[in-house]
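Colleague:
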Amino acid sequence: MSSWRVGTDVPLSVSWTSEQSFDLKESSEFPGWVDLVQQECQGKGDPKFATLHVSRQRRAMHRHLCHVCGRQTLARDRYIFPLVTGGFVTLGDETMRYASTVPSVHLDCAKKAQKLCPHIHQSMNDPVPFPSEETDLHPRPNVPAGMEELEKTLPRGLKVVFSSVRVFGPRFSRRIARLRNDAPI
Numbered sequence: 013m014s015s016w017r018v019g020t021d022v023p024l025s026v027s028w029t030s031e032q033s034f035d036l037k038e039s040s041e042f043p044g045w046v047d048l049v050q051q052e053c054q055g056k057g058d059p060k061f062a063t064l065h066v067s068r069q070r071r072a073m074h075r076h077l078c079h080v081c082g083r084q085t086l087a088r089d090r091y092i093f094p095l096v097t098g099g100f101v102t103l104g105d106e107t108m109r110y111a112s113t114v115p116s117v118h119l120d121c122a123k124k125a126q127k128l129c130p131h132i133h134q135s136m137n138d139p140v141p142f143p144s145e146e147t148d149l150h151p152r153p154n155v156p157a158g159m160e161e162l163e164k165t166l167p168r169g170l171k172v173v174f175s176s177v178r179v180f181g182p183r184f185s186r187r188i189a190r191l192r193n194d195a196p197i
């Protein structure tokens with residue numbers, strides 16, 4: 013029996029050793045794409061911290077579920093860590109925008125993550141309020157770390173969604189660029 017608990021010491025989007033079966037189904041969020049669907053047995057076995065659970069990640073991104081506890085985040089209590097997650101992407105018109113595959117968090121959960129997550133703790137960065145500016149959600153066909161062997165078993169030519177990526181608006185993207193430029197190295 014594992015002593016790990018989701019929302020306490022394991023984030024929502026972490027995969028568990030018991031969740032290593034996959035299937036494909038037509039995507040309801042991204043027409044013309046197929047979702048990679050992962051078995052859900054959260055809390056059974058051991059957490060695989062470096063491995064994303066693709067189904068929970070997409071659900072959290074689409075529904076604004078907290079990356080830490082899994083509950084819904086409300087607009088007034090929705091934060092992200094853009095200095096240590098995500099990066100900048102170039103859109104078709106050469107515009108640079110901040111984008112991230114990490115779901116938002118509640119402020120209390122962000123504070124917990126600052127203490128418990130080595131990646132966030134070492135960065136010493138504070139959470140940033142999620143912008144009121146509109147964002148766009150896109151399918152991400154990139155194979156997450158640890159799923160390279162699985163990818164080899166998928167039918168060729170199929171447009172598979174592994175995860176979702178949120179692309180933020182120009183105002184917020186400029187703000188994050190300034191914050192990153194001013195951040196200590």
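Numbering-wise, the sequence shown is residues 13 to 197 according to the numbering used here.
Each residue gets a CB set at the ideal place from its N, CA and C atoms; glycine is no exception.
Note that this is a predicted model, so its numbers are computed, not measured.
1. Given M13, which residues of its chain have a CB within under 6 angstroms of its CB, disregarding the five upstream and five downstream residues?
2. When you compare only the Cα positions, how much space is there between E31 and V177?
3. DSSP puts Q84 in a beta bridge; with which residues?
4. Do the CB positions of P151 and F34 come within less than 7 angstroms of each other?
5. Would you report the Cα separation of P167 and S39, rounded to the nearest angstrom?
6. Can you tell me the Cα-Cα spacing of N137 and L162, whole angstroms?
7. Any idea if T29 is buried or exposed, counting beta-carbon neighbours within 10 angstroms, 16 or more meaning buried?
8. Find out if the Cβ-Cβ distance for the pair L95, A195 is shorter than 7 angstroms.
9. Let me know the secondary structure DSSP gives S15 once reduced to three states.
Modeller: Considering the structure as presented:
1. Residue confidence for M13 is low, a pLDDT of 43 falling below 50, so the modelled location carries little weight; the figure read from the coordinates is stated next. Excluding positions up to five away in sequence, the list is empty.
2. 22 angstroms
3. L77
4. no
5. 16 angstroms
6. 35 angstroms
7. exposed
8. yes
9. coil
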